[in-house]
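**Student:** When you line the sequence shown up against the UniProt record's numbering, it's residues 1 to 332, in that order. Glycine is no exception: its CB is placed at the ideal position from the N, C-alpha and C atoms. All of these numbers come straight from a predicted model, not from anything done at the bench.
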Amino acid sequence: MTPREIVQEKVFGFEEIHPVPYYIGIDGSVQERLDGHYGGAEWRDRMVTFIDGGHWTGEGGGVSLPNGMTRSPYGFVYKSGNILHVEDVALPEPTLDGYEWPEAESLAGWDQLARDYQASDAFRLCGVCYGFFERVIFMRGMENVLMDMIEHPQFVHDLMDGYLKLRLELIDMIIDRIEVEGIIDGGDDCSQRGPIMGLEKWQEFIGPRLKTVIDHVHAKGLPVVAHMCGNVAPLVDDLLEMKLDALESLQPEAMDVYEVKQKTAGKMVLIGGMGTQQMLPHGTPEDVAAETNKLLSELGKGGGYVLGPSKPIMPDVPTENAVAFIETVLNQ
């Protein structure tokens, strides 16, 4: 079977399989250190790409400004870095009067995306960059949005509905123009303590729109994988009710991933689970190997699991820990 078939048929069919598939992102600087450790790049050839999920739409066509700034097609100004930092919002007041949403056609290099996916034999995912909460806080500012949810709730509903409309347009274009096996959606709505805006506000503003996306994609015959960092345990019941197909990131520092597995077994695929805040950078190689084996055994039980770090293996991870993780995965 191809990697795509393994994920599509076995993982999403909740069939327990060995070896357990994996989805491992590795920072470029770590890859270079691994090349040095192994004496070349041959180690890369040993790794199978089960999921190809590194391509996104929704944020193309920005305008370069002085001092390294960029004006997003959504109107806000940001500084690039490890992650973008908003310097000036698009909506200083809680109103959409005079605001024009960008055209979906301009928000991706569609021909290049299609070419990027053609040669892959992995399970291909594509989505719209940034979830509902992330997008509106870029446009309005986090503190403003959190206050608007209380003081100007209709404005927040209108803002998120505008983005929902654009998001669905982009998803339709992905499905129509690019060969993919699933849509990646979701958003970083949670801190490590739970939903940033609180569970009730998440259920009011974000949950219903995420469900609309899930229903829309299901009607097209594809599954939805939600990327959601932080402590998403308070949302799991809602996500199951929405019939979300897969949850990705699975950050163990923020929640008990083994309890999440118990609740979602046979209902929702889990992707991730290896800690990139504590275990990989601060554990011993023996700790890393032991935790990797525990994830493979306990989260892999009953199928529906793809092992991976909750974030890419970052520069603060010692080479010996990256090696311990990779070798344990490859020799399971």
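Does the stretch 163-173 come close enough to the stretch 89-100 to have 3 or more Cβ pairs within less than 8 Å?
**Tutor:** As far as the Cβ criterion goes, the stretch 163-173 does not touch the stretch 89-100, which means the pair count is below three.
**Student:** Any chance you could list the alpha helix (DSSP H) runs of at least 4 consecutive residues sitting entirely within the stretch 57-145, in chain order?
**Tutor:** Complete alpha helix (DSSP H) runs here, min 4: 110-118 and 132-140.
**Student:** Quick test of your reading: Q203 and D238, contact by CB under 8 Å. State the CB separation rounded to the nearest angstrom.
**Tutor:** For this step, residue 203 is matched to residue 203 along the sequence shown. For this step, residue 238 is matched to residue 238 along the sequence shown. Contact flag correct, Cβ pair sits at about 7 Å.
**Student:** How do the stretch 300-314 and the stretch 271-288 stand: do at least 3 beta-carbon pairs fall below 8 Å, yes or no?
**Tutor:** Touching, yes, given that three or more Cβ pairs across the two stretches are closer than 8 Å.
**Student:** With a cut-off of 8 Å on the beta carbons, I'd call M147 and D189 a contact; round off their distance for me.
**Tutor:** As a first step, residue 147 must be located in the sequence shown, where it is residue number 147. As a first step, residue 189 must be located in the sequence shown, where it is residue number 189. Going by Cβ atoms, the distance from M147 to D189 rounds to 17 Å, so no, they are not a contact pair.
**Student:** Would you say P252 faces chain C, with C-beta separation under 8 Å as the test?
**Tutor:** Going by chain labels, chain C is absent from the structure shown, which holds only one protein chain.
**Student:** Does the distance from the CB of G187 to the CB of E134 come in under 8 Å?
**Tutor:** Within the sequence shown, residue 187 is the residue found at index 187, counting from 1. Within the sequence shown, residue 134 is the residue found at index 134, counting from 1. It is a contact, given that the beta carbons lie within the stated cut-off.
**Student:** Based on Cα-Cα distance, which residue from R33, V11 and P21 lies nearest to M314?
**Tutor:** Mapped onto the sequence shown, residue 314 falls at position 314. Closest by alpha carbon: R33.
**Student:** Among the residues of its own chain, which have a CB less than 7 Å from the CB of F155, if the five just before and after it don't count?
**Tutor:** For the purposes of this step, residue 155 is taken as residue 155 along the sequence shown, with counting starting at 1. Excluding positions up to five away in sequence, the list reads P94, T95 and D148.
**Student:** Could you tell me how far apart the beta carbons of E179 and R124 are, in whole angstroms, since I believe they sit closer than 8 Å?
**Tutor:** Within the sequence shown, numbered from 1, the residue matching residue 179 stands at position 179. Within the sequence shown, numbered from 1, the residue matching residue 124 stands at position 124. About 7 Å; that satisfies the 8 Å criterion.
**Student:** For the beta strand (DSSP E) that contains E248, what are its first and last residues?
**Tutor:** Counting from one through the sequence shown, the residue named residue 248 turns up at place 248. That run of the beta strand (DSSP E) goes A246 to S249.
**Student:** For the beta strand (DSSP E) holding L170, just list the boundary residues, first then last.
**Tutor:** For the purposes of this step, residue 170 is taken as residue 170 along the sequence shown, with counting starting at 1. Looking at the DSSP string, L170 is not in any beta strand (DSSP E); the run it does join, the alpha helix (DSSP H), is P153 to R177.
**Student:** What number of angstroms, rounded off, separates the C-alpha of Y258 from the C-alpha of G300?
**Tutor:** For this step, residue 258 is matched to residue 258 along the sequence shown. For this step, residue 300 is matched to residue 300 along the sequence shown. Each residue's alpha carbon lies about 11 Å from the other.
**Student:** Would you call M47 buried or exposed, if buried means 16 or more other Cβ atoms sit within 10 Å of its Cβ?
**Tutor:** As a first step, residue 47 is located in the sequence shown; it is residue number 47 there, counting from the start. M47 should be labelled exposed.
**Student:** DSSP state of S310, grouped into three classes?
**Tutor:** In the sequence shown, residue 310 corresponds to position 310, counting from 1. In this structure, S310 counts as coil in the three-state DSSP scheme.
**Student:** Give me, in chain order, the residues of the same chain whose beta-carbon lies closer than 8 Å to that of L240; leave out the 5 immediate sequence neighbours on both sides.
**Tutor:** Your numbering for residue 240 matches position 240 in the sequence shown. Contacts found: K263, T264, K267 and M268.
**Student:** Assuming V213 contacts D245 (C-beta within less than 8 Å), just tell me the rounded distance between them.
**Tutor:** As a working note, residue 213 is residue 213 in the sequence shown. As a working note, residue 245 is residue 245 in the sequence shown. Going by Cβ atoms, the distance from V213 to D245 rounds to 12 Å, so no, they are not a contact pair.
**Student:** In the DSSP output, what is Y305 paired with across the bridge?
**Tutor:** For the purposes of this step, residue 305 is identified with residue 305 of the sequence shown, where counting begins at 1. Paired residue(s): L270.
**Student:** Going by beta carbon distance, what residues of the same chain come within less than 6 Å of T2, once the five residues before and after it are set aside?
**Tutor:** Stepping through the sequence shown from its first residue, residue 2 is reached at position 2. Excluding sequence neighbours, T2 sits near D121.
**Student:** What are the residues that DSSP puts in a beta bridge with A226?
**Tutor:** By 1-based counting over the sequence shown, the position of residue 226 is 226. Its beta-bridge partners are D185 and L247.
**Student:** Could you have a look at Y38 and say whether DSSP puts it in helix, strand or coil?
**Tutor:** Taking the first residue of the sequence shown as 1, we reach residue 38 at position 38. DSSP places Y38 in helix when its eight states are reduced to three.
**Student:** Indicate the three-state DSSP secondary structure (helix, strand or coil) for Y23 in the structure shown.
**Tutor:** In the sequence shown, residue 23 corresponds to position 23, counting from 1. Coil at Y23, not helix or strand.
**Student:** Taking C-beta to C-beta, are L235 and P195 nearer than 8 Å?
**Tutor:** As a working note, residue 235 is residue 235 in the sequence shown. As a working note, residue 195 is residue 195 in the sequence shown. Cβ atoms of L235 and P195: closer than 8 Å.
**Student:** Within its chain, find whatever has a CB closer than 7 Å to the CB of A289; leave out the 5 residues flanking it on each side and keep chain order.
**Tutor:** On the sequence shown, residue 289 is found 289 positions in, with the first residue counted as 1. Counting only Cβ-Cβ distances below 7 Å, and skipping sequence neighbours, we find A324 and T328.
**Student:** Within the same chain, show all residues whose beta-carbon is closer than 8 Å to that of E298, passing over the 5 residues directly before and after it, in chain order.
**Tutor:** Taking the sequence shown and counting its residues from 1, the one referred to as residue 298 is at position 298. Within the same chain, E298 has close Cβ partners Y258 and K261.
**Student:** Verify whether the separation of the beta carbon atoms of V128 and R71 is less than 8 Å.
**Tutor:** Looking up residue 128 in the sequence shown gives position 128. Looking up residue 71 in the sequence shown gives position 71. For V128 and R71, no; Cβs fall outside 8 Å.
**Student:** Name the residue from D316, G302 and A322 whose alpha carbon lies nearest to the alpha carbon of E286.
**Tutor:** Counting from 1 along the sequence shown, the entry for residue 286 is found at position 286. Cα-wise, what sits closest to E286 is A322.
**Student:** Judging by CA-CA distance, which residue of H55, L210, F138 and W110 is the nearest neighbour of K79?
**Tutor:** Sequence index remark: in the sequence shown, residue 79 carries index 79 (1-based). The residue with the shortest Cα to Cα distance from K79 is F138.
**Student:** Rank D52, F50 and Q31 by C-alpha distance to the C-alpha of E42 and give the top, closest one.
**Tutor:** Mapped onto the sequence shown, residue 42 falls at position 42. Checked all of D52, F50 and Q31; the closest Cα to E42 is Q31.
**Student:** Have a look at R115, V145, G54 and L107 and flag the residue whose alpha-carbon is nearest the alpha-carbon of V89.
**Tutor:** As a position in the sequence shown, residue 89 is number 89, starting the count at 1. The option with the nearest alpha carbon to V89 is V145.
**Student:** Alpha carbon to alpha carbon, how far is I51 from G182? Give it in angstroms, no decimals.
**Tutor:** To locate residue 182, count along the sequence shown from 1; it is residue 182. To locate residue 51, count along the sequence shown from 1; it is residue 51. Near 10 Å, if we compare the C-alpha coordinates of I51 and G182.
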